[in-house]
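Residue numbers (the numbering used here): 22 to 300.
Just so it is clear, CB atoms sit at the ideal spot from N, CA and C, and this is done for glycine as well.
This report concerns only the one structure given below.
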């Protein structure tokens, strides 16, 4: 069982009313892991304007921290990862309010998507609308059996606007994504796994534990390698093969002449664990 977090070492909004926490770990094997905890349990982590700002602030802080090699995105609520946009708040919005909120919301989802290190979403319970988009913005999605995911926005007169129309298509293909989005379907975890919308299903209530296991394995690797591998994959995903190979070559060069490469080769030759310089 992974060690418990040491407690928040940073919060996006401060004090006991923080909507998002950033936590680090005492366990040396998790020392390079940051956990971003969605922490608005009374609203099942519905994304209000304030919470969107908190997510953007938390992801910006983590992205700027060069000691972080892997990020977990989790929830403090046992039955919900995140139920999407705060529709109660939006019900009171004027059109001008909605337009003013839009860049705030985009910064939140973009903050997760643009994390420069591997990111894992641990989903137990509901991940709907914007909640599922936060998970899709991560590189790996681990779901507990019993989790329910989906993009039901068209059922309330909007469309997925946190990256869902783009990210789900890239994960599962046009036709499958079209069916899911156009029908506003809610998918149980096992169905989502079969489609490729999530990457792993584990017993209910253990998604975070499994995500921590993955994070431990990931964070043992070269920080320079991890960042450049993710960069190559992201930048190369939507270009032709020739262009993608050029992107890969540039990222390879940025890694191959680093201290991490020298340390990795030396550690292998000396049959010891590497001590990564991270540059």
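- Using a Cβ distance threshold of 8 Å, residue 55 and residue 43 count as a contacting pair.
- Between residue 98 and residue 146, the C-beta spacing is below 8 Å.
- In this structure, the alpha-carbon of residue 144 lies about 6 Å from that of residue 165.
- Around the beta carbon of residue 119, a 10 Å sphere encloses fewer than 16 other beta carbons of the protein chains shown; the residue is thus reported as exposed.
- Inter-residue distance for residue 65 and residue 267 is about 44 Å (C-alpha atoms, whole angstroms).
- When the Cα atoms are used, residue 207 and residue 69 turn out to be separated by approximately 22 Å.
- For residue 209, the uninterrupted beta strand (DSSP E) segment begins and ends at 207-209.
- The beta carbon of residue 86 sits closer than 8 Å to those of 55, all from its chain and outside the five residues before and after it, given in chain order.
- Residue 83 and residue 89 have their alpha carbons spaced roughly 7 Å apart.
- Annotated three-state conformation of residue 83 is helix, per DSSP.
- Residue environment: residue 195 is assigned as exposed (fewer than 16 neighbouring CB atoms within 10 Å of its CB, all protein chains considered).
- Distance between residue 204 and residue 244, taken at the CA atoms: about 41 Å.
- Contact check for residue 172 against residue 184 fails: the beta carbons are separated by 8 Å or more.
- For the pair residue 95 and residue 132, the CB atoms are not nearer than the 8 Å cut-off.
- Here the C-alpha atom of residue 242 lies approximately 13 Å from the C-alpha atom of residue 276.
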